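There are 4 protein chains.
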Amino acid sequence: MAATYGYVAHKDTYAKRLRKIEGQVRGIAKMIDEDKYCIDILTQVSAVTRALQSVALGLLEEHLGHCVAQAMAEDSDGDHAAAKVREAADAIARLVRS
Amino acid sequence: MAATYGYVAHKDTYAKRLRKIEGQVRGIAKMIDEDKYCIDILTQVSAVTRALQSVALGLLEEHLGHCVAQAMAEDSDGDHAAAKVREAADAIARLVRS
Amino acid sequence: MAATYGYVAHKDTYAKRLRKIEGQVRGIAKMIDEDKYCIDILTQVSAVTRALQSVALGLLEEHLGHCVAQAMAEDSDGDHAAAKVREAADAIARLVRS
Amino acid sequence: MAATYGYVAHKDTYAKRLRKIEGQVRGIAKMIDEDKYCIDILTQVSAVTRALQSVALGLLEEHLGHCVAQAMAEDSDGDHAAAKVREAADAIARLVRS
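Just so you know, the protein sequences line up as chains D, L, W and H, in that order. Residue 3 in the working numbering sits at position 9 of the first sequence, with consecutive numbering throughout. Residue 38 in the working numbering sits at position 44 of the second sequence, with consecutive numbering throughout. Residue 17 in the working numbering sits at position 23 of the third sequence, with consecutive numbering throughout. Residue 75 in the working numbering sits at position 81 of the fourth sequence, with consecutive numbering throughout.
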């Protein structure tokens, strides 16, 4: 059986949000092409960054509630669960520092 | 005369970087569509966020060196320059907090 | 029995790291009092911010591995575990956005 | 004559804000010593991080309005001003990435 991840139930929502973000990135390219004011472009970049972080936080919550939870449930000695927690913590550190 | 902003000299570079970012966002959507592992998707989201921030930091440096510098040079009483510095500081705050 | 949290085993380490951060904050105040160069002060502020985030990431990893894991283990219907995951996700969101 | 930086006019305000931040860091250490709940400690860490960033953004705005502006005004060939803008942009990048 293929693994099913936490986000699978919301694939359509994520697809839609990422299409919107893709359109926003294209919009920033268009602003630069049309010589728009730098500060207005920066405002758009901040908006896209926040939208991406929001996608990441959603994926992460579902990852903790499904994949990490499953590792904890199936794990007899705790080693596998500890590795999953460490992996999630590393991903969180990358998000916090990016 | 139309205003020319600091980034204009590098429009092609920014266009190229944003096309790459657009492709990366499409890549994240594809990873979700193909049920890739959550942590690998999060790693990609962090990479795109960093790429976007790098674009923002480049635009900002050129904005400070051109638009803000020009406001300071043309400004007799300092009010316009102060407004430009405040506007840039607000944009920096949005970047730091996003 | 009082609850014991994940970080309890490392209380001394955290106490030491926070005393160091406290000293760094005092150092920034001293730099301002002594009219040090703005950019050097900003470099110190970035260093303290990173040190604080590192403490937060450590606490968070231990929280996931202990408190959230315990909620998952003890939870028959999953409601309590889901609430713990949501609470952790909210804390992560605050870290990412701060 | 000694250089006077942009923040000098508000030294007392910064001293006060940093003393408050120092107290908040001590408060976090106390929460850990008293076995407070991890999530509540994380909320405090996020609050201190935001307070530090706010100090940094204030220092930066004053740096742009004074030190960078002065470099631009005094600079005949633009080299010194460009170096100051680059230095400020590097400091902004450290803040955004921390």
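A virtual CB, placed ideally from N, CA and C, is assigned to each residue, including glycine. Bear in mind that the values here come from a model prediction, so they are computed numbers and not experimental data.
Collapsed DSSP secondary structure at residue i in the structure displayed
i: Ala85(H); result: helix
i: Tyr(-1)(H); result: coil
i: Ser96(L); result: Residue 96(L) falls outside the range modelled here, since chain L spans only -5 to 92, and no answer is possible.
i: Tyr31(D); result: coil
i: Gly17(D); result: helix
i: Ser72(H); result: The amino acid occupying residue 72(H) in the given sequence is Gly; Ser does not appear at that position. Of the three classes helix, strand and coil, the one that applies to Gly72(H) here is coil, per DSSP.
Chain-ordered neighbours of residue i on chain L, where CB pairs are closer than 8 Å
i: Glu28(D); result: Residues of chain L passing the Cβ test: none, with the nearest at roughly 10 Å.
i: Met66(H); result: Ala63, Met66, Ala67
i: Ala23(D); result: Tyr8, Ala9, Leu12, Arg13, Glu16
Contact set between residue i and chain H, taken where Cβ atoms lie within less than 8 Å
i: His57(W); result: Cys32, Ile33, Leu36
Per-residue contacts from residue i into chain H (C-beta, under 7 Å)
i: Val39(W); result: Leu46, Val49, Ala50
i: Ala75(L); result: Ala63
Chain W residues whose Cβ lies nearer than 7 Å to that of residue i
i: Leu89(D); result: Val90
Straight-line gap, residue i to residue j (C-alpha atoms, nearest Å)
i: Met(-5)(W); j: Ala67(W); result: Interpretation of Met(-5)(W) is limited by its pLDDT of 38, a score under 50 that renders its predicted location unreliable; no figure is taken from the coordinates.
i: Ala77(H); j: Cys61(D); result: 49 Å
i: Asp5(D); j: Arg13(D); result: The sequence given here places Lys at residue 5(D); Asp does not occur at that position. Computed Cα separation, rounded: 12 Å.
i: Gly72(W); j: Arg80(W); result: 12 Å
i: Tyr1(L); j: Ile15(D); result: 23 Å
i: Arg91(W); j: Arg91(L); result: 6 Å
i: Arg139(D); j: Leu51(H); result: In the structure as shown, chain D starts at -5 and stops at 92, and residue 139(D) therefore has no counterpart that could be examined.
i: Thr37(H); j: Arg11(H); result: 19 Å
i: Met25(H); j: Ile35(H); result: 7 Å
i: Ala9(L); j: Ala23(H); result: 48 Å
i: Gln64(L); j: Val39(D); result: 24 Å
i: Val42(L); j: Gly17(D); result: 15 Å
i: Asp27(D); j: Ala82(L); result: 21 Å
i: Asp69(W); j: Ala3(H); result: 57 Å
i: Tyr(-1)(L); j: Thr7(W); result: 50 Å
i: His74(H); j: Ala75(L); result: 19 Å
Beta-carbon neighbours of residue i, restricted to chain D and to distances below 7 Å
i: Ile86(W); result: Leu51, Leu54, Ile86
i: Ala107(L); result: For residue 107(L) there is no data in the structure shown, the boundaries of chain L being -5 and 92.
Contact set between residue i and chain D, taken where Cβ atoms lie within less than 8 Å
i: Val79(W); result: Glu55, Leu58, Gly59, Ala63
Below-8 Å beta-carbon distance, residue i vs any chain A residue
i: Gly72(W); result: Absence of chain A from the displayed structure is noted, the protein chains being D, L, W and H.
Check: residue i C-beta below 7 Å from any heavy atom of the ligand NAD
i: Leu54(H); result: With respect to the ligand NAD, the structure shown offers nothing to examine, as it has no ligands at all.
Answer yes if the segment 45 to 56 of chain L comes into contact with the segment 29 to 38 of chain H, meaning at least three C-beta pairs across the two stretches below 8 Å, and no otherwise. no
Take every Cβ of the segment 39 to 51 of chain W, pair it with every Cβ of the segment 83 to 92 of chain D, and state whether three or more of those distances are shorter than 8 Å. yes
Report task. Could you name each continuous alpha helix (DSSP H) segment of 4 residues or more that falls completely within the segment 35 to 73 of chain H, going from the start of the chain to the end? Result -> 63 to 68
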